[in-house]
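Comments concern the structure below.
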Amino acid sequence: MAKLMIPTPLRQFTGGQDAVEVEASTVGEALDKLTSRHTELRRHLFSDEGKLRSFVNVYMNDEDIRYLDRDKTAVAEGDTISIVPSIAGGTHVG
Amino acid sequence: MVGHARDTYPNECCGAMMGKTEGGTKVVRVGVPMQNAHEGSQAAMYVLKNEDLLAADAEARKRGLDLIGIYHSHPDCDAYFSETDLKNSCPWYSFVVISIKQGDFDHANSWLPDPDQTKADKEELDYGEADG
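Protein chains in written order, with our numbering: chain S, 1 to 94; chain H, 1 to 132.
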């Protein structure tokens, strides 16, 4: 079982659960199972083309999966998967 | 949060807001200052490190609070939601912008971006005297 940590604003789509456990062998499979079980969540994480939205980062324990094996990153019993948005801004123009 | 914005003036500050949603109203209990990770001038730009946000989410859970938003300052500018803010936002959180003019607090607004990063709605924001 892997545990997916749900950010506060998305818990309205998981029935209020702050974490969801799924059986999965990869991070991609875990996200698929999560969004199959909680379908409203899918459009918040994935674009219409099925790709993770540009501002969505996924961490396996404390590692960004982009530096591991992306959606094919292997998941072991007890691993924690977190969804973290990219955030920046300012008055800079251009 | 205002103190953080003052301390970093004339640069932009950034941080996370922990709190609770009570009767449909988001109530900020703790403002957590974070490092502005933008490389280069920080007078008009901020970047949050993903790892800091991950740690803030874990800390909020530990405290029995929720991560409900992000704040940053606009030195010598109004607290509008800029194009840069919008294009680098995330629709899940409220974004409080603090206007600091000549080093002093001027006003603040809260914004809620849409999922496609095309617009942000202004939220009602009650910050009292905001002198902390």
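Cβ atoms here follow ideal geometry from the backbone N, Cα and C, with glycine treated the same way.
Among the options, the one whose alpha carbon lies nearest that of residue i
{"i": "H38 (chain S)", "options": "S:I6, S:D79 and S:M1", "result": "S:I6"}
{"i": "P85 (chain S)", "options": "H:V96, H:K119, H:D57 and H:R63", "result": "H:D57"}
{"i": "G69 (chain H)", "options": "H:G3, H:T8, H:N11 and H:T21", "result": "H:T21"}
{"i": "P113 (chain H)", "options": "H:L125, H:E83 and H:D104", "result": "H:E83"}
{"i": "M66 (chain H)", "options": "H:V32, H:W111, H:Q42 and H:Q117", "result": "At residue 66 (chain H) the sequence reads Asp, which differs from the Met that was named. Minimum Cα distance to D66 (chain H) is reached at H:V32."}
{"i": "G24 (chain H)", "options": "S:A19, S:H44 and S:P9", "result": "S:P9"}
{"i": "R63 (chain H)", "options": "H:T8, H:M18 and H:D126", "result": "H:M18"}
{"i": "W92 (chain H)", "options": "H:D52, H:Y127, H:E39 and H:W111", "result": "H:W111"}
{"i": "T14 (chain S)", "options": "S:A2, S:E40 and S:E29", "result": "S:E40"}
{"i": "N11 (chain H)", "options": "H:N88, H:E123, H:D104 and H:N50", "result": "H:D104"}
{"i": "G158 (chain S)", "options": "S:L52, S:Y67, S:G89 and S:D62", "result": "This structure cannot settle anything about residue 158 (chain S), because the visible part of chain S is limited to 1 through 94."}
{"i": "Q35 (chain H)", "options": "H:G3, H:K87 and H:C13", "result": "H:C13"}
{"i": "Y46 (chain H)", "options": "H:S94, H:L53 and H:H38", "result": "H:H38"}
{"i": "N88 (chain H)", "options": "H:L48, H:T8 and H:G40", "result": "H:L48"}
{"i": "K83 (chain S)", "options": "H:D121, H:L54 and H:V97", "result": "According to the sequence provided, residue 83 (chain S) is Ile. The question's Lys does not apply to it. Among H:D121, H:L54 and H:V97, the Cα nearest to that of I83 (chain S) is on H:L54."}
Burial state of residue i (16 or more Cβ within 10 Å)
{"i": "E23 (chain S)", "result": "exposed"}
{"i": "G132 (chain H)", "result": "Bear in mind that a pLDDT of 47 at G132 (chain H), under 50, signals an unreliable position, so the number given afterwards is only what the model happens to contain. Classification for G132 (chain H): exposed."}
{"i": "P115 (chain H)", "result": "exposed"}
{"i": "T118 (chain H)", "result": "exposed"}
{"i": "S99 (chain H)", "result": "buried"}
{"i": "S47 (chain S)", "result": "exposed"}
{"i": "Y71 (chain H)", "result": "buried"}
{"i": "M1 (chain H)", "result": "buried"}
{"i": "V58 (chain S)", "result": "buried"}
{"i": "M1 (chain S)", "result": "exposed"}
{"i": "A74 (chain S)", "result": "exposed"}
{"i": "Q17 (chain S)", "result": "exposed"}
Below-8 Å beta-carbon distance, residue i vs any chain S residue
{"i": "R61 (chain H)", "result": "yes"}
{"i": "G132 (chain H)", "result": "Caution applies to G132 (chain H), whose pLDDT of 47 falls short of 50 and renders its modelled position unreliable; the value that the coordinates give is listed next. No, because no Cβ of chain S sits closer than 8 Å to the Cβ of G132 (chain H)."}
{"i": "E123 (chain H)", "result": "no"}
{"i": "A44 (chain H)", "result": "yes"}
{"i": "C77 (chain H)", "result": "yes"}
{"i": "V47 (chain H)", "result": "yes"}
{"i": "C90 (chain H)", "result": "yes"}
{"i": "D126 (chain H)", "result": "no"}
{"i": "T84 (chain H)", "result": "yes"}
{"i": "D66 (chain H)", "result": "yes"}
{"i": "E22 (chain H)", "result": "no"}
{"i": "D7 (chain H)", "result": "no"}
{"i": "P10 (chain H)", "result": "no"}
{"i": "H74 (chain H)", "result": "yes"}
Chain H contact for residue i (CB, 8 Å cutoff)
{"i": "G22 (chain S)", "result": "First, the residue type needs correcting, since residue 22 (chain S) is Val and not Gly in the sequence shown. Not one chain H Cβ lies under 8 Å of V22 (chain S)."}
{"i": "V93 (chain S)", "result": "yes"}
{"i": "F55 (chain S)", "result": "yes"}
{"i": "L4 (chain S)", "result": "no"}
{"i": "T8 (chain S)", "result": "yes"}
{"i": "D18 (chain S)", "result": "yes"}
At a CB distance below 9 Å, what residues from the stretch 29-45 of chain S approach chain H? Give them in sequence order. Those residues of the stretch 29-45 of chain S that come within reach of chain H (Cβ to Cβ, closer than 9 Å) are R43 and H44.
Quick one, which residues of the stretch 64-91 of chain S are near chain H if we go by CB-CB under 8 Å, in chain order? Here the close residues are D64, S82, V84, P85, S86, I87, A88, G89, G90 and T91.
Counting only Cβ-Cβ distances shorter than 9 Å, please list the residues of the stretch 96-113 of chain H near chain S, keeping chain order. Residues V97.
Would you be able to state if there are at least three C-beta pairs under 8 Å between the stretch 70-81 of chain H and the stretch 64-78 of chain S? These segments do not touch.
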